[in-house]
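Okay, so here's the structure we're looking at.
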Amino acid sequence: MGIISWIVFGALVGWIASIIMKTNAEQGMLLNIIVGMIGSVIGGWLMSIIGEGGVGGFNVYSFLVALLGACVLIAIVKTVHR
Numbered sequence: 727m728g729i730i731s732w733i734v735f736g737a738l739v740g741w742i743a744s745i746i747m748k749t750n751a752e753q754g755m756l757l758n759i760i761v762g763m764i765g766s767v768i769g770g771w772l773m774s775i776i777g778e779g780g781v782g783g784f785n786v787y788s789f790l791v792a793l794l795g796a797c798v799l800i801a802i803v804k805t806v807h808r
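For what it's worth, this note's numbering labels the leading residue of the sequence shown as 727, then goes sequentially.
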């Protein structure tokens, strides 16, 4: 995926993750993109631990993997922030 695709993918993943984790009011567009992109890396890493593939493109499986990672990232940040 190109950089523009990563930005759009990260924005979508970060936005959905912030809605799921109830942090949407606290996050802006830039933070959603960052959370989505870092979540993609975390999700890919978590999936590699259990022997599955990570984020490989703009598809449903990659979206779910990235969403898992983004939710984990938000949960960690919320725990540390308290």
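We put the beta carbon where it would ideally sit given N, CA and C, even for glycine.
Report all residues from its chain with a CB closer than 6 Å to the CB of H807; omit the five preceding and five following residues, and keep chain order.
none
For A751, three-class secondary structure by DSSP:
coil
Does the contact criterion of 3 or more C-beta pairs under 8 Å hold for the region 762-774 versus the region 732-744?
yes
State the Cα-Cα distance for the pair I745 and K804, rounded to the nearest angstrom.
14 Å
Grouping DSSP H, G and I as helix and E and B as strand, with all else coil, what is N785?
coil
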